[in-house]
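Undergrad:
Protein chains in written order, with this note's numbering: chain A, 2 to 143; chain B, 4 to 656; chain C, 8 to 99.
(1) At the level of alpha carbons, what is the spacing between residue 19/A and residue 95/C?
(2) Within 7 Å of any Cβ in chain C, is that where the Cβ of residue 45/B sits?
(3) Between residue 261/B and residue 271/B, what straight-line distance do the alpha-carbon atoms span, to the nearest angstrom?
(4) Please classify residue 641/B as buried or exposed, where buried requires at least 16 neighbouring CB atoms within 10 angstroms.
(5) Sorted by chain position, which residues of the same chain lie with C-beta nearer than 7 Å to residue 63/A's C-beta, five sequence neighbours on each side aside?
(6) Start and end of the beta strand (DSSP E) containing residue 162/B?
(7) Since residue 67/A sits in a beta bridge, which residues does DSSP pair it with?
(8) Please go through the same chain and pick out, in chain order, the residues whose beta-carbon is closer than 6 Å to the beta-carbon of residue 15/B, but skip the five residues on each side of it.
(9) So, at 6 Å on beta carbons, what are the nonlocal neighbours of residue 527/B in its own chain, with the 5 sequence-adjacent residues on each side left out?
(10) Would you call the segment 405-425 of chain B in contact with the segment 71-82 of chain C, where contact means no fewer than 3 C-beta pairs closer than 8 Å?
(11) Which residues of chain B have a Cβ atom closer than 9 Å to the Cβ of residue 30/C, listed in chain order?
(12) Straight-line CA distance for residue 234/B to residue 298/B?
(13) Do residue 445/B and residue 404/B come within 7 Å of each other at the CB atom, strictly closer than that value?
(14) From which residue to which residue does the alpha helix (DSSP H) around residue 116/B run?
(15) Quick check on the DSSP output: the alpha helix (DSSP H) that includes residue 425/B runs from which residue to which?
(16) Provide the residue span of the alpha helix (DSSP H) that contains residue 174/B, from first to last.
(17) Give me whichever residues DSSP pairs with residue 617/B in a beta bridge.
(18) Is the segment 502-511 of chain B in contact with the segment 400-414 of chain B, if contact means three or more CB pairs nearer than 8 Å?
(19) Per DSSP, residue 574/B is paired with what?
(20) Helix, strand or coil: which one does DSSP assign to residue 274/B?
(21) On the DSSP letters alone, give me the boundaries of the beta strand (DSSP E) that residue 37/A sits inside.
(22) Would residue 267/B and residue 251/B qualify as a contact pair, given that the criterion is a beta-carbon distance under 7 Å?
(23) Taking the alpha carbon of residue 45/C as the point to measure from, which residue in 207/B, 41/B and 71/B has its own alpha carbon closest?
(24) Roughly how far, in whole angstroms, is the beta-carbon of residue 361/B from the beta-carbon of residue 51/A, given that I think they are within contact range, below 8 Å?
(25) With three or more C-beta pairs closer than 8 Å as the rule, is the segment 104-118 of chain A touching the segment 81-90 of chain A?
(26) Check each candidate in 164/B, 9/B and 357/B and name the one with the smallest Cα separation from residue 11/A.
(27) Give a yes or no on whether 7 Å exceeds the smallest Cβ distance from residue 422/B to chain C.
(28) Can you round the beta-carbon distance between residue 605/B and residue 634/B to whole angstroms, since I take them to be within the 8 Å contact cut?
(29) Using the beta-carbon of each residue, which ones in chain A are nearer than 8 Å to residue 361/B?
(30) Do residue 473/B and residue 68/C come within 7 Å of each other at the CB atom, strictly closer than that value?
(31) Take residue 657/B as the anchor and find which of 548/B, 552/B, 247/B and 61/B has the nearest alpha-carbon.
(32) Under three-state DSSP, which class holds residue 17/B?
(33) By Cβ distance below 7 Å, which residues in the same chain neighbour residue 416/B in space, the five residues on each side in sequence not counted?
(34) Output yes or no for whether 7 Å exceeds the beta carbon distance between residue 226/B and residue 244/B.
(35) Among 594/B, 601/B, 555/B and 556/B, which one has its Cα closest to the Cα of residue 565/B?
(36) I'd like to know whether the C-beta of residue 48/B is nearer than 7 Å to at least one C-beta of chain C.
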């Protein structure tokens with residue numbers, strides 16, 4: 002008797018939570034931060050997606066402009082091959098943010114400009130990079 | 004010369020582990036005890052050679068022998084000694100060797116502890132353990148060899164150095180602690196498989212690994228919490244848990260491991276749930292390997308995985324291989340799991356533990372789902388979807404709160420059946436407590452989950468305290484003792500029960516901290532030397548800017564006086580902006596790093612980040628966060644460890 | 008590579024192999040008698056004793072009814088006496 006009750010309760014809990022997980026998956030947080038499309042520069046330019054997305058690419062060399070009056074105010078171009086998208090970002094930038102860094106920004110694309118409120122650098126290049134640099138010497142070149 | 008020895012001992016270990024297979028199979032075929040002894044010794048040698056290899060790599064790291072590629076990649080001449088040691092697990096090849104190292108130490112402990120015990124189980128236990136070693140030996144020998152030499156064309160004058168993010172004291176203890184937990188689940192797994200193969204799924208195997216599981220669980224919990232602590236102190240986004248795939252990777256085996264920890268008590272005392280326990284430990288071990296896969300294969304782009312590699316398929320294959328064998332065995336032994344005992348009542352401890360198990364597994368599934376969802380959606384629809392922290396919070400908060408509620412109900416339940424009167428008597432006070440905190444919350448103006456959480460915190464705390472008070476009272480009725488001696492002797496007499504309650508109290512404290520997150524505030528501002536900035540009830544005064552040169556970096560240190568609303572200085576924060584490798588002639592290779600400064604109190608943390616600097620105008624860009632109640636998370640962690648230690652302390656027989 | 012290192016390697020390797028092979032050369036010893044059976048029973052007995060103590064505490068703080076207490080206690084006592092018999096049987 003008790004066995005059946007427990008079995009029913011366990012199945013009940015499992016079904017309820019299964020519904021709950023499905024519900025949240027289908028209706029993520031209202032402001033769209035729970036689940037976002039992750040797009041490349043090409044894809045975003047092609048789809049002109051207006052909802053909140055994450056965008057990945059490389060910081061175009063020499064494109065970083067930091068406001069003279071407020072160092073937290075930055076704009077730069079995010080590039081993928083030939084294509085690029087201008088990005089505006091206000092806030093603390095990660096330490097590794099610089100030209101050519103692979104980054105991910107989060108925000109909205111609106112009339113040709115990406116307004117980002119999150120900025121992440123994809124990896125710490127130096128620590129997995131090749132060893133060839135000033136402190137190593139290639140025997141052929143000596 | 005030493006790297007050659009290192010590579011050689013890894014190869015020898017691999018060869019010997021293969022021989023161990025053959026010898027142990029011979030023992031199982033012939034039953035000749037001599038084969039068992041030889042196999043036993045063979046595995047001892049495998050373990051010793053693996054340990055030797057690790058020590059040799061450690062030696063190379065300390066000596067800065069840049070002829071070894073790994074050493075050149077992860078250390079430099081300026082790296083402090085401590086971080087030269089931690090470089091052992093900073094990179095791919097090293098961390099996999101470190102896995103093997105800990106497994107080998109555990110293996111030796113198991114081999115010597117059970118030398119003449121469990122004669123039925125042990126051959127299979129050893130076989131399973133050596134098969135795990137075999138897998139990691141194949142990887143360290145052929146896929147990610149830590150001893151592989153630097154490209155012959157280069158003379159490396161100085162290495163790359165260790166990532167500044169990893170140059171942190173917590174980061175030097177977090178990975179080993181977590182690994183001690185992760186890897187440790189190999190042993191209960193090996194016993195479970197041995198029990199399955201020998202067909203003896205009675206509580207015997209549980210008894211042999213109960214204490215072991217508790218120790219391993221303690222390391223795992225401490226490891227997960229330390230990871231959060233590191234992120235909080237070092238990553239500078241003001242939180243300790245981001246639901247990053249790598250964090251989830253450490254959290255999922257903890258969830259199933261915790262479920263396992265509870266359900267083996269039922270099997271040990273009541274001989275129920277035989278099959279369930281084996282399923283749980285198989286899942287836990289598989290999730291540990293899967294976690295290493297997530298961390299190391301770079302399958303998810305994540306702040307933690309610095310590499311992409313070809314390890315992915317191997318690890319995933321190994322996970323599936325394990326699952327296939329284990330579930331195959333479980334199905335094969337299906338008829339042996341029939342236990343005569345049945346759960347007698349809904350309100351029994353048995354059923355309480357069962358529900359707690361179900362909830363843990365469900366949370367684990369939810370986390371798993373969110374973690375692999377990007378991969379699934381990319382495979383099915385073609386667009387990559389990222390799953391952020393809000394998703395995980397939304398899914399897990401209600402289930403987590405239900406679990407917190409269960410933490411309160413659990414202690415009241417007794418084996419077989421709890422009486423109705425007991426429910427009324429034991430719950431009236433805690434429910435009152437819960438209602439008071441609920442009302443208090445409403446008065447302060449809280450809403451939503453926060454208020455439910457505080458109500459449950461009040462409820463569970465009251466239940467646990469009541470347990471202690473009742474225990475003391477009933478002792479004092481019989482023996483004439485003071486409150487303190489009654490408490491001590493009561494805990495002593497029943498360490499596992501009261502230790503468990505203390506662990507639960509730790510969890511409650513951590514929930515206090517989690518709930519505090521709802522009140523976080525932050526502000527970013529620029530400030531000139533001498534100026535002040537108001538934020539909330541605080542005033543931040545920028546009083547000094549120092550330049551310092553330390554052995555491996557250059558630093559600007561900002562001095563910030565924090566004034567409260569009574570015009571008193573409560574503390575002085577000194578966040579730093581550092582440049583590592585500041586002597587590197589190529590400016591691109593210098594690495595900036597922000598070192599945080601945190602003022603922590605019971606009620607709130609003031610968290611400061613020095614994010615930018617304008618040297619000529621002496622302007623600093625500062626980010627301040629006010630994070631209430633974070634302190635309770637760490638307190639909860641300590642209490643959890645203390646409770647586990649009390650439960651573990653050996654009984655005087 | 009100098010001559011010394013291979014010699015060291017060979018030396019340690021031989022010792023390792025000898026260590027492993029040594030039991031195979033000896034005369035076939037019997038399996039050690041499973042003394043652990045008695046130990047296992049003793050541990051079982053201890054666990055049961057602890058359970059009885061726990062049950063008594065739970066009863067004294069009023070968590071279970073008199074009837075359930077009697078029933079559980081009887082079952083546990085019966086199990087203990089079974090095990091004590093088994094221990095006597097195996098050790099004699």
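Positions of the beta carbon are idealized from the N, C-alpha and C atoms, including for glycine.
TA: Judging by the given coordinates:
(1) Position 18 of the first chain, counted from the start, is the residue given in the question as residue 19/A. Position 88 of the third chain, counted from the start, is the residue given in the question as residue 95/C. Distance between the alpha carbons of residue 19/A and residue 95/C: 53 Å.
(2) On the second chain, position 42 is the one that residue 45/B refers to. Yes - at least one Cβ of chain C is within 7 Å of the one on residue 45/B.
(3) As a first step, residue 261/B must be located in the second chain, where it is residue number 258. As a first step, residue 271/B must be located in the second chain, where it is residue number 268. In a straight line, the C-alpha of residue 261/B is about 16 Å away from that of residue 271/B.
(4) Working through the second chain from its first residue, we reach residue 641/B at position 638. It is exposed - the Cβ of residue 641/B has fewer than 16 other Cβ atoms within 10 Å.
(5) Position 62 of the first chain holds residue 63/A. A distance below 7 Å between beta-carbons, with the five flanking residues on each side excluded, links residue 63/A to the following residues of its chain, in chain order: 100.
(6) Here residue 162/B corresponds to residue number 159 of the second chain, with the count starting at 1. Premise fails: residue 162/B is in no beta strand (DSSP E) and is neither H nor E.
(7) Start at 1 with the first residue of the first chain, and residue 67/A comes out as number 66. Answer is 75/A.
(8) For the purposes of this step, residue 15/B is identified with residue 12 of the second chain, where counting begins at 1. Around residue 15/B: 52.
(9) Residue 527/B sits at position 524 when you count from the first residue of the second chain. Answer for residue 527/B: 626, listed in chain order.
(10) yes
(11) Position 23 of the third chain, counted from the first residue, corresponds to residue 30/C. Simply 36, 37, 38, 39, 40, 41, 43 and 44.
(12) Walking along the second chain from the start, residue 234/B turns up at place 231. Walking along the second chain from the start, residue 298/B turns up at place 295. When rounded, the distance between both Cα atoms is 16 Å.
(13) Position 401 of the second chain, counting from 1, holds the residue named residue 404/B. Position 442 of the second chain, counting from 1, holds the residue named residue 445/B. No; because the gap between Cβ atoms is not below 7 Å, this pair is not in contact.
(14) For the purposes of this step, residue 116/B is taken as the residue at position 113 of the second chain. Residue 116/B -> alpha helix (DSSP H) spans 95-116.
(15) Along the second chain, one-based indexing puts residue 425/B at 422. Counting along the chain, residue 425/B sits inside the alpha helix (DSSP H) bounded by residues 423-447.
(16) By 1-based counting over the second chain, the position of residue 174/B is 171. Unbroken alpha helix (DSSP H) run through residue 174/B: 172-187.
(17) Here residue 617/B corresponds to residue number 614 of the second chain, with the count starting at 1. BP columns for residue 617/B point to 622/B.
(18) yes
(19) Position 571 of the second chain, counted from the first residue, corresponds to residue 574/B. 565/B.
(20) In the second chain, residue 274/B corresponds to position 271, counting from 1. Three-state DSSP puts residue 274/B in coil, outside helix and strand.
(21) Against the first chain, residue 37/A aligns to sequence position 36. Secondary structure note for residue 37/A: its beta strand (DSSP E) is the uninterrupted segment 36-41.
(22) Translated into the one-based positions of the second chain, residue 267/B becomes position 264. Translated into the one-based positions of the second chain, residue 251/B becomes position 248. Cβ atoms of residue 267/B and residue 251/B: not closer than 7 Å.
(23) As a working note, residue 45/C is residue 38 in the third chain. Answer by Cα proximity: 207/B.
(24) The residue you call residue 361/B lines up with position 358 of the second chain. The residue you call residue 51/A lines up with position 50 of the first chain. The pair is not a contact, with the Cβ atoms about 42 Å apart (cut-off 8 Å).
(25) By the C-beta criterion, the segment 81-90 of chain A is judged to be in contact with the segment 104-118 of chain A, since at least 3 inter-stretch pairs fall below 8 Å.
(26) On the first chain, residue 11/A is found 10 positions in, with the first residue counted as 1. Checked all of 164/B, 9/B and 357/B; the closest Cα to residue 11/A is 357/B.
(27) By one-based count along the second chain, residue 422/B stands at place 419. Interface residue, yes.
(28) Mapped onto the second chain, residue 605/B falls at position 602. Mapped onto the second chain, residue 634/B falls at position 631. Indeed, because the Cβ distance is near 6 Å, the residues count as touching under 8 Å.
(29) Position 358 of the second chain, counted from the first residue, corresponds to residue 361/B. Ordered by position in chain A, the residues that pass the 8 Å Cβ test against residue 361/B are 11, 14 and 15.
(30) By one-based count along the third chain, residue 68/C stands at place 61. By one-based count along the second chain, residue 473/B stands at place 470. It is a contact, given that the beta carbons lie within the stated cut-off.
(31) Nothing about residue 657/B can be reported from this structure: the residues present for chain B run from 4 to 656 only.
(32) In the second chain, the residue the question calls residue 17/B occupies position 14. In the structure shown, residue 17/B sits in a helix (DSSP, three-state: H, G or I).
(33) Counting from one through the second chain, the residue named residue 416/B turns up at place 413. So the qualifying residues of the chain are 350, 351, 352 and 355.
(34) Here residue 226/B corresponds to residue number 223 of the second chain, with the count starting at 1. Here residue 244/B corresponds to residue number 241 of the second chain, with the count starting at 1. No. Outside cutoff.
(35) Looking up residue 565/B in the second chain gives position 562. Nearest option by C-alpha distance: 601/B.
(36) The sequence position of residue 48/B within the second chain is 45, counting from 1. Yes, residue 48/B lies at the interface with chain C (some Cβ there is under 7 Å from its Cβ).
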